[in-house]
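A.B. asks:
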Amino acid sequence: MSQTELIKQGLILNRKQQRFQAVADAKAALRALINEATYAQDKPVAEMNTVGLQAHLTRLMENQETTRRLDDEIAELEY
17 MSQTELIKQG
27 LILNRKQQRF
37 QAVADAKAAL
47 RALINEATYA
57 QDKPVAEMNT
67 VGLQAHLTRL
77 MENQETTRRL
87 DDEIAELEY
């Protein structure tokens with residue numbers, strides 16, 4: 017295997033590790049969002065932590081975008 021191919025394989029592995037972390041972060045954000053929403057469901061709107069809900073949702077969406085970007089990078093490197 018050439019040095020170029022080894023570098024390419026290292027980049028692919030690095031992106032896959034980053035993707036794995038992004039998926040784990042997205043799962044954690046989703047769990048936090050569900051927990052916050054479950055806690056909020058019995059509360060009046062005025063007492064809901066809408067900032068917390070929005071923060072968890074934003075984090076989830078950012079991690080989904082990161083995952084998509086890394087999927088594209090991996091596909092490009094593997095091609």
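Quick note on the numbering used here: the sequence shown kicks off at 17 and runs consecutively.
Note that the Cβ used here is the ideal one computed from N, Cα and C, for glycine as well.
Owing to the predicted nature of the structure, the values given are computational and were not obtained by experimental measurement.
What do you get for R47, buried or exposed, if any count of 16 or more other CB atoms within 10 angstroms of its CB means buried?
C.D. replies: Mapped onto the sequence shown, residue 47 falls at position 31. That one is exposed.
A.B. asks: For a test of the three-state rule: what should DSSP assign to D58, helix, strand or coil?
C.D. replies: Indexing the sequence shown from 1 puts residue 58 at position 42. The answer is coil: DSSP assigns D58 none of H, G, I, E or B.
A.B. asks: For a test of the three-state rule: what should DSSP assign to N65, helix, strand or coil?
C.D. replies: The residue labelled residue 65 in the question sits at position 49 within the sequence shown. DSSP places N65 in coil when its eight states are reduced to three.
A.B. asks: If you measure between the beta carbons of L49 and L73, is that distance less than 8 angstroms?
C.D. replies: Within the sequence shown, residue 49 is the residue found at index 33, counting from 1. Within the sequence shown, residue 73 is the residue found at index 57, counting from 1. A contact, by the Cβ cut-off of 8 angstroms.
A.B. asks: Alpha carbon to alpha carbon, what distance is there between I90 and I28?
C.D. replies: As a working mapping, residue 28 is identified with position 12 in the sequence shown. As a working mapping, residue 90 is identified with position 74 in the sequence shown. Looking at the two C-alpha atoms, the distance is approximately 6 angstroms.
A.B. asks: Quick check: the region 76-84 against the region 37-45, are there 3 or more CB pairs under 8 angstroms?
C.D. replies: With the cut-off at 8 angstroms, the region 76-84 and the region 37-45 touch.
A.B. asks: Could you check how far apart the C-beta atoms of A45 and L76 are, in whole angstroms? I think they sit under 8 angstroms.
C.D. replies: Within the sequence shown, numbered from 1, the residue matching residue 45 stands at position 29. Within the sequence shown, numbered from 1, the residue matching residue 76 stands at position 60. With a Cβ gap of about 4 angstroms, A45 and L76 count as contacting.
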